[in-house]
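Trainee:
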Amino acid sequence: MKLVFLGPPGAGKGTVAEKAETDLAVPHVSTGEIFRAAVKNGTPLGKRVKAVMESGALVPDELTIELVKERLGGQDAKAGWILDGFPRTVPQADALVAFDPPDKVVNFELGDEAIVERLSGRRTCPACSRSFHVKFMPPAKEGVCDSCGGSLITREDDKVEAIQRRLAAYRAQTAPLIEYFRAKGRLVTVDASPEAETVYAAFLGLPGLKKG
Ligand code: AMP
27 MKLVFLGPPG AGKGTVAEKA ETDLAVPHVS TGEIFRAAVK NGTPLGKRVK AVMESGALVP
87 DELTIELVKE RLGGQDAKAG WILDGFPRTV PQADALVAFD PPDKVVNFEL GDEAIVERLS
147 GRRTCPACSR SFHVKFMPPA KEGVCDSCGG SLITREDDKV EAIQRRLAAY RAQTAPLIEY
207 FRAKGRLVTV DASPEAETVY AAFLGLPGLK KG
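What follows is the structure, given as structure tokens:
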């Protein structure tokens with residue numbers, strides 16, 4: 027099953043994808059995670075994308091498309107995948123449709139106020155990448171990762187100015203993909219406003235989802 031997760035930042039795509047990876051037995055491919063790992067490890071890719079990511083703007087298409095092509099060429103991604111955070115522009119969508127078209131595009135819908143509340147309250151573990159939320163998904167001990175004991179931080183791009191830039195990039199460059207995939211008959215929609223478990227149940231209830 028080849029799935030694209032579309033939706034604004036903060037809609038919970040990553041949270042759904044983390045669980046679905048196990049339930050549907052396909053790898054979760056998050057371009058944001060790949061870029062963040064590259065920045066953390068100080069690789070040449072990381073050095074190229076650090077400033078643009080922290081500002082909340084998008085990494086250039088060519089670079090992102092090449093990266094995804096290479097990742098989807100991996101042995102574990104032959105049968106299927108969940109793409110979270112890609113495509114984010116029309117050129118990225120055109121490239122994906124040409125080299126490995128998705129079976130379904132799941133659009134996670136969320137209003138602007140909820141987006142800002144979710145992103146500004148998000149806390150991330152820099153050691154293992156797990157995300158929490160001060161109000162909706164607090165860790166057992168404040169400021170400490172439940173999984174690995176790391177100290178939780180606010181990502182640079184979850185700070186208020188960067189959130190505004192990410193939202194602007196979403197509206198201008200990514201939101202048009204909703205109509206793009208609807209026109210191709212691939213779009214299904216999930217209401218991302220309830221709590222995480224309800225959103226996940228709605229996702230699993232989509233018609234035609236299957237393992238592998
Ligand atoms: P995310 O975790 O998906 O919100 O991504 C974090 C940041 O990584 C974004 O704000 C962009 O700077 C960059 N990024 C992730 N995916 C893409 C993409 N498909 N195209 C361009 N930039 C991306």
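The sequence shown lines up with residues 27 to 238 when you count with the working numbering.
Ideal placement from N, C-alpha and C gives every residue a C-beta, glycine not left out.
My output table needs one value for residue 28: the three-state DSSP class, helix, strand or coil.
Mentor: DSSP places residue 28 in strand when its eight states are reduced to three.
Trainee: Per the contact definition of three or more C-beta pairs closer than 8 Å, is the region 85 to 103 in contact with the region 167 to 184?
Mentor: They do not touch, by the three-pair rule.
Trainee: In terms of DSSP beta bridges, what is residue 239 paired with?
Mentor: This structure cannot settle anything about residue 239, because the visible part of the chain is limited to 27 through 238.
Trainee: Assign residue 141 to one of two classes, buried (16 or more other C-beta atoms within 10 Å of its C-beta) or exposed (fewer than that).
Mentor: Result: buried.
Trainee: Look at the alpha carbon of residue 129 and the alpha carbon of residue 61, and state the distance between them as a whole number of angstroms.
Mentor: Cα to Cα, the separation comes out at about 25 Å.
Trainee: So, helix, strand or coil for residue 56, using DSSP?
Mentor: Residue 56: strand per DSSP, three-state reduction.
Trainee: Nearest-angstrom Cα distance between residue 47 and residue 162?
Mentor: Rounded to the nearest angstrom, the two C-alpha atoms are 22 Å apart.
Trainee: Give the C-beta separation of residue 206 and residue 124 to the nearest angstrom, bearing in mind that I take them to be a contact with Cβ-Cβ under 8 Å.
Mentor: The pair is not a contact, with the Cβ atoms about 14 Å apart (cut-off 8 Å).
Trainee: What residue range does the beta strand (DSSP E) around residue 45 cover?
Mentor: Run containing residue 45: none in the beta strand (DSSP E); it sits in the alpha helix (DSSP H), 39 to 50.
Trainee: Any idea what DSSP makes of residue 134, helix, strand or coil?
Mentor: In this structure, residue 134 counts as strand in the three-state DSSP scheme.
Trainee: Could you check which residue in 208, 229, 212 has the C-alpha nearest to that of residue 218?
Mentor: That would be 229, whose Cα lies nearest to the Cα of residue 218.
Trainee: Counting only the same chain and skipping the five closest in sequence on each side, list residues whose C-beta sits under 7 Å from that of residue 158.
Mentor: These residues qualify, in order along the chain: 149, 164, 165, 178.
Trainee: For residue 215, report the span of its beta strand (DSSP E) as first-last.
Mentor: Unbroken beta strand (DSSP E) run through residue 215: 213 to 217.
Trainee: Taking Cβ positions only, does residue 75 come closer than 9 Å to chain B?
Mentor: Checking the listed chains, one finds no chain B in this structure; it contains a single protein chain.
Trainee: Hey, residue 135 and residue 215: beta-carbon distance below 9 Å or not?
Mentor: Yes, they are a contact pair.
Trainee: Which of helix, strand or coil does DSSP assign to residue 170?
Mentor: Strand at residue 170.
Trainee: Excluding the five sequence neighbours on either side, which residues of its own chain have a C-beta within less than 7 Å of the C-beta of residue 83, listed in chain order?
Mentor: Correct list, in chain order: 191, 195.
Trainee: Can you round the beta-carbon distance between residue 72 and residue 65 to whole angstroms, since I take them to be within the 8 Å contact cut?
Mentor: With 8 Å as the limit, residue 72 and residue 65 qualify as a contact, their Cβ atoms being about 4 Å apart.
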